[in-house]
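2 protein chains.
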Amino acid sequence: MVELMARQMDDVFQALGSATRRRMLHDLAGGPKSVGQLAEPFAMSLAAASKHVKALEKAGMIRREVRGNTHFCHLDPGPLASAHRWLSFYESFWTGRLDELERLLREEKGTIPASQEGDDT
Amino acid sequence: MVELMARQMDDVFQALGSATRRRMLHDLAGGPKSVGQLAEPFAMSLAAASKHVKALEKAGMIRREVRGNTHFCHLDPGPLASAHRWLSFYESFWTGRLDELERLLREEKGTIPASQEGDDT
DNA sequence: GATCTAGTCAACCGATTCGTTGAATAGCTG
DNA sequence: CAGCTATTCAACGAATCGGTTGACTAGATC
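Read top to bottom, the protein sequences are chains A and B.
Once you know that position 102 of the first sequence is 1334 in the working numbering, the rest is easy, because the numbers rise by one and skip nothing.
Once you know that position 62 of the second sequence is 1294 in the working numbering, the rest is easy, because the numbers rise by one and skip nothing.
See below:
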């Protein structure tokens, strides 16, 4: 199941809404890193960086593997794929394929994807 | 120029980090809507909805056309395309094409001057 | 002109965010 | 054991967020 509920989508996009965390994800694309390694590029306390890691973890984009003293963070691309998929809905819009967009909108009238449904306040 | 600066990316992802605003974007995909029309699905004051619209506008995802009394909002897909493109960097990760990811990372070494630690195995 | 409608603005409030610091935990090392 | 390393946790403060209400502006309508 690739679709995430609205709440999880909130977490994912909110996590992505920080250059610090985007940079961390990017660094993680090169392979697993410890929290300390992730924190290194930034002029902030380790505790602050640790909170960013926690935010990414909460959003499901990081998987933590505690080995001895150090916590290794692995990138989990699932939520990124979900976000990408959510945005793809609008792809026909920026590629100019409005007919395709219209098809998507019509098709959707029957089945409501969770990623498009905002329910709470 | 498709790339946005980090600050603008922050605005875009932060704007997307709310189910309310995602719903507004989705409604806008069907065509331009007034602020009142965008606010209608939600159990919140018009002023609150207006703030959400402003957030989307600040992120560049909405274009406003004031005609007489009412403000018509048009979807501007540019920032969505940027976000989509940003996420595409990780696409090879979730499709399992790790070799492609590695190529992207290597290719990027030349173009990005930031203090990134090079750790090739 | 009076009034209704569409929307913004400013002030306010409670919750959350983003950073700090100092203390605590747990593993490694001499 | 003492002490270093890696990391979290708790408390705090400033800033921002998401909502409210009441006042305001501007266009439409009678």
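Note that beta-carbon positions come from the ideal geometry of N, C-alpha and C, so glycine has one too.
Remember, predicted model here, so these are calculated numbers, not experimental data.
- Residue pairing by DSSP places B:His1306 opposite B:Arg1295 in a beta bridge.
- For B:Gln1240, no chain A residue has a C-beta closer than 7 angstroms to its own C-beta; the minimum C-beta separation is roughly 10 angstroms.
- The distance from the Cβ of A:Ala1315 to that of B:Leu1307 is about 18 angstroms, inconsistent with a contact at the 8 angstroms cut-off.
- In the DSSP annotation of this structure, the continuous segment of the alpha helix (DSSP H) that includes B:Thr1252 starts and ends at 1251 to 1261.
- In its chain, beyond the 5 residues on either side, Ala1247, His1284, Leu1288 have a beta carbon closer than 6 angstroms to the beta carbon of B:Arg1253.
- Beta-bridge analysis with DSSP links A:Lys1265 to A:Cys1305.
- Look at A:Gly1249: its C-beta is under 8 angstroms from a C-beta on chain B.
- Per the coordinates, the alpha-carbon of A:Gly1328 lies some 10 angstroms from the alpha-carbon of B:Pro1309.
- In this structure B:Ala1271 is buried. Its beta-carbon is surrounded by 16 or more other beta-carbon atoms within 10 angstroms.
- B:Gly1268 and B:Leu1278 have their C-alpha atoms roughly 7 angstroms apart.
- Interface annotation, B:His1316: in contact with chain A, CB-CB separation under 8 angstroms.
- Shortest Cα-Cα distance from B:Leu1257 to any of B:Arg1239, B:Ala1291, B:Ala1275 involves B:Ala1291.
- In this structure, A:Gly1300 is the residue among A:Ala1275, A:Tyr1322, A:Gly1300 with its C-alpha nearest to the C-alpha of A:Ser1266.
- Distance from the CA of B:Arg1295 to the CA of A:Arg1338, rounded to the nearest whole angstrom, comes to 24 angstroms.
- Contact check for B:Cys1305 and B:Pro1273: beta-carbon distance about 14 angstroms, past the 8 angstroms limit, so the pair fails to qualify.
- B:Ala1251 is not a Cβ neighbour of A:Ala1313, given a cutoff of 8 angstroms.
- Contact with chain B is found for A:Pro1309, since one of that chain's Cβ atoms lies less than 8 angstroms from the residue's Cβ.
- Contact note: A:Glu1297 does not reach chain B at a C-beta cutoff of 7 angstroms; the least C-beta distance is about 17 angstroms.
- Sixteen is the threshold: since fewer than 16 other Cβ atoms of the shown chains lie within 10 Å of the Cβ of B:Val1298, the residue is exposed.
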